[in-house]
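Contents: one structure, followed by commentary.
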Ligand SMILES: Nc1ncnc2c1ncn2[C@@H]1O[C@H](COP(=O)(O)OP(=O)(O)OP(=O)(O)O)[C@@H](O)[C@H]1O
Ligand SMILES: [Mg+2]
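Residue numbers (this note's numbering): 748 to 1049.
Here it is in structure tokens:
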């Protein structure tokens, strides 16, 4: 991390991986790296929360370890598990061959051979390239007990395995947590982290993202696409399109050889940007044309 000396360096590093971020996000990433604090990112779907961890790992040339959260996720799945079936086979084999030295067998059964390392334990292991990036993705999908457990794990970066003792990270991992805010994450956990709300990008930034992610799109089409999506986000929709949808849509339009937006083209390709039937139904008829007209008027005015 020797070359990350300031916020510009973070912006440059991420841009090198095709991730475009503004100064506030770059600042909080810089501080997370500099202070060794976990970074907690919240925001709507498809605004680039997960991607930032990937871009950071790639840019820093660190290993990316991802813990995907879901309801019912427990410590065994997140930290480690003993390979119980393999242990049973080893016991049976020892019995069959009369190798019955109990102490030796026990030591063997709790050796690395039978230890299944899950993401949180993997992240504590030394790595020649430097401490890994640990992405704890979609934390809002887990429950309170797991959050409490995580709070412990993140406070001292160590894990105790009763049969083996305590394993502590030589160099703590770079931790990024994300949430879609389907529920509030507990204050105690948030307090440990630096926080940033990842918002939808403004017009110039979304243009830049599209240039990075769909460089084959003509600038005139990209401008219309971004202006339309931005206008769409100001409408009363159940699920607003994220950056991921903007990129997808531009790629769909390219595949269809579209060079400019029209109400017909929009109606035919709405499935790339809106994923709820109610939202799609709202845009049928004259609505798509009205939004397109507004988007174009905005482009002309700028
Ligand atoms: N700032 C950005 N620069 C470049 N690409 C971006 C940016 N933001 C989003 N993207 C693109 O959008 C896609 C979706 O982003 P990502 O999966 O990180 O969203 P998310 O916020 O994690 O969404 P979800 O909440 O649904 O998981 C990425 O694959 C990436 O290509
Ligand atoms: Mg994500």
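Don't be surprised by glycine CBs; every beta carbon is placed ideally from N, CA and C.
Only a predicted model underlies this, so the values are computations on that prediction, with no experimental measurement involved.
Item	Value
For residue 792, which residues of its own chain have a beta-carbon under 7 Å away from its beta-carbon, when the five flanking residues on both sides are left out?	927, 989
Let's test the definition: count the other Cβ atoms within 10 Å of the Cβ of residue 967 and tell me whether it reaches 16, buried, or not, exposed.	exposed
Leaving aside the five residues before and after residue 788 along the sequence, list all residues of the same chain whose C-beta is less than 6 Å from its C-beta, in chain order.	796, 925, 943, 945
Would you give the residue range spanned by the alpha helix (DSSP H) that residue 828 belongs to?	Careful: residue 828 lies outside any alpha helix (DSSP H), inside the beta strand (DSSP E) at 827 to 829.
For the stretch 911 to 921 against the stretch 935 to 942, are there 3 or more C-beta pairs whose distance is under 8 Å?	no
For residue 1024, count neighbouring Cβ atoms within 10 angstroms of its own Cβ and tell me buried if that reaches 16, exposed if not.	exposed
Could you pull the start and end residues of the beta strand (DSSP E) that residue 907 belongs to?	905 to 908
Going residue by residue through the stretch 759 to 819, where are the continuous alpha helix (DSSP H) segments of at least 4 residues, counting only ones entirely within it?	770 to 782, 796 to 807
Please state if the CB of residue 1038 and the CB of residue 979 are separated by a distance shorter than 9 Å.	yes
Determine the direct distance from the alpha carbon of residue 856 to that of residue 995, and round the result to whole angstroms.	49 Å
Measure the beta-carbon distance from residue 888 to residue 818 and round it to whole angstroms, keeping in mind my assumption that it falls under 8 Å.	6 Å
If we count Cβ pairs, one from each stretch, closer than 8 Å, do we get three or more for the stretch 959 to 978 versus the stretch 813 to 827?	no
For the 8 Å Cβ check, are there 3 or more pairs between the stretch 827 to 846 and the stretch 772 to 783?	no
Quick one: residues in its chain with C-beta nearer than 8 Å to the C-beta of residue 853, no 5 flanking neighbours on either side, listed in chain order?	none
Grab the span of the alpha helix (DSSP H) containing residue 853 for me, first residue to last.	849 to 856
Cα separation between residue 1001 and residue 981?	25 Å
What's the gap between the Cα of residue 763 and the Cα of residue 909?	44 Å
With C-beta atoms as the reference, is residue 993 less than 9 Å away from residue 1020?	yes
By Cβ distance below 8 Å, which residues in the same chain neighbour residue 900 in space, the five residues on each side in sequence not counted?	826, 867, 906
Evaluate the contact criterion for the stretch 799 to 809 versus the stretch 762 to 778: three or more CB pairs, one atom per stretch, below 8 Å.	yes
Can you name the start and end residues of the beta strand (DSSP E) that residue 883 belongs to?	880 to 884
Could you give the DSSP three-state label for residue 1009: helix, strand or coil?	coil
For residue 815 and residue 1044, I'd like the C-alpha separation in whole angstroms.	42 Å
Rank 961, 870, 882, 846 by C-alpha distance to the C-alpha of residue 786 and give the top, closest one.	882
Considering only the beta carbon of each residue, do residue 970 and residue 1046 sit closer than 9 Å?	yes
Please confirm whether residue 807 and residue 751 have their CB atoms less than 9 Å apart.	yes
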